[in-house]
Amino acid sequence: GDSTGAANAINARGQAVGYTADAATVRHAALWSATGEVTRLGALPGTESSEAFGINDAGTVVGAARSGDTGRAFLWTRTGGLQDLNALVPRSHAVLTKAVGINDKGEIVAIGQEAPPGGPTSRDGHTASERPVRVFLLSPVRP
11 GDSTGAANAI NARGQAVGYT ADAATVRHAA LWSATGEVTR LGALPGTESS
61 EAFGINDAGT VVGAARSGDT GRAFLWTRTG GLQDLNALVP RSHAVLTKAV
111 GINDKGEIVA IGQEAPPGGP TSRDGHTASE RPVRVFLLSP VRP
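Quick note, the numbering used here runs 10 ahead of the 1-based positions in the sequence shown.
So, in structure tokens, the structure goes:
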């Protein structure tokens, strides 16, 4: 039922990821199979839209879900579904807002911002949109 879309990445198996959008231009993260079948990946709870930015050869997808100016990085697998990357990493004072790539080792490149424990405004009065953007390399921990 979506009227438009775009692909952002492709893997060696011919799977592509990106988004589809409805008439209201709400984006939905999407995965295209090598045969053209489209799977909508959904959005995280509390978010309205999503977009996928990376896929590895295992079919693991990364991207971002958004609600207004707030973004959350996600990881999607066929068995685990859509998961907030922030819930999968050790707690820190950073919020991962967008995952932009994943390799075949499962390493993820993500973007985030500092989030002080006191609330949405830091001690120096900066709001979340004014905080420095950081780049993170996430490496999976194998049991």
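Ideal Cβ positions, reconstructed from N, Cα and C, are used throughout, including at glycine.
Item                                                                                                                                                        : Value
Closest to Gly52 by C-alpha separation, out of Leu147, Leu92, Gly122, would be which residue?                                                               : Leu92
Between Ala62 and the rest of its own chain, which residues show a CB-CB distance below 8 Å, the 5 nearest in sequence each way excluded?                   : Asn18, Ala19, Val27, Gly28, Tyr29, Ala39, Ala40, Leu41, Leu51, Val71, Val72, Gly73, Trp86
Enumerate, from N- to C-terminal direction, the unbroken alpha helix (DSSP H) stretches of 4 or more residues contained entirely within the segment 31–104. : none
Which word fits Leu147, buried or exposed, when buried means at least 16 other C-beta atoms lie within 10 angstroms of its C-beta?                          : exposed
Report the three-state DSSP secondary structure of Ala125 (helix, strand or coil).                                                                          : coil
Quick one: what does DSSP say Lys115 is sitting in, helix, strand or coil?                                                                                  : coil
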